[in-house]
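Student: Counting from 1 along the sequence shown, just add 806 to a position and that's the residue number in the working numbering.
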Amino acid sequence: MNTTEISDAMSQAVEYLRDHPSEAKYTDSAATALLEGSLRVTVTGPDGAKLTTDMPKSIGGRGESPSPGWFLRAAEASCLASLIGMEAARAGVVLERVEVVVDSESDDYGILGIDDSVPAGPLRSKARVRIEAGTRTDLAALVARADLHCPVTDALRRAVPWATELSDSAR
């Protein structure tokens, strides 16, 4: 899609939701993870989408696929890049290149359960954004707006309520 197509699609979505506000809130598509052996996991989603995760050899995995933590960073980076594209389209800014690099710092004492006071997840995360744009604009404001509306980074900042339920065996 080019900038105009993205902007038009967003405008149509906004108009539709203003006319049908009850349809704005919905249940997201489920992701189903199946531990296949060792620490390899296959995750399936809507329309047959699949991805595979694995843990590093150093903690018992085979290291044959990215870890779930890497997919979290990939979700942060790709979501922010997408929202930058959407915000640029809304503002009429032509983007020549957008690169978002997300890294984080973690402490293995948390994930390995060595010290329960240490978080199992990242201690901090950071995105570095590089943009080449064909038009002059306030790119900092555009990136700030994209970051504000990025669902993945919002979920991490806001600490979305989480619940784990144990279901009866499928046997």
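C-beta atoms are modelled at their ideal positions from N, C-alpha and C, and glycine is treated no differently. The model shown is predicted, which means the values in this text are computed figures rather than measured ones.
Measure from the alpha carbon of Tyr832 to the alpha carbon of each residue in Ala839, Ala897, Pro872, Leu823, then state which is nearest.
Tutor: When each option's Cα is compared against that of Tyr832, the closest is Leu823.
Student: Can you round the beta-carbon distance between Val849 and Leu857 to whole angstroms, since I take them to be within the 8 Å contact cut?
Tutor: Yes, Val849 and Leu857 are in contact; Cβ-Cβ is about 5 Å, under 8 Å.
Student: How is the beta strand (DSSP E) around Glu842 delimited, first residue to last?
Tutor: Its beta strand (DSSP E) spans residues 838 to 843.
Student: Note down the Cα distance separating Ala883 from Val907, rounded to an integer number of angstroms.
Tutor: Roughly 6 Å separates the two Cα atoms.
Student: Please specify which runs of the alpha helix (DSSP H), each continuous and at least 4 residues long, are wholly inside the region 878 to 933, giving them in chain order.
Tutor: Complete alpha helix (DSSP H) runs here, min 4: 914 to 917.
Student: Might you give, ordered along the chain, the residues of its own chain that have their beta carbon closer than 8 Å to the beta carbon of Lys863, omitting 5 neighbours on each side?
Tutor: Cβ neighbours of Lys863 beyond the five flanking positions: Gly869.
Student: Could you give the C-beta distance for Ala881 and Val958, rounded to a whole number, given that I count them as a contact under 8 Å?
Tutor: With 8 Å as the limit, Ala881 and Val958 qualify as a contact, their Cβ atoms being about 5 Å apart.
Student: Are there 16 or more other CB atoms within 10 angstroms of the CB of Pro925, so buried, or fewer, so exposed?
Tutor: Its Cβ having fewer than 16 others within 10 Å, Pro925 is exposed.
Student: Could you tell me whether the Cβ atoms of Met861 and Ser873 are closer together than 7 Å?
Tutor: Yes, the Cβ-Cβ distance between Met861 and Ser873 is below 7 Å.
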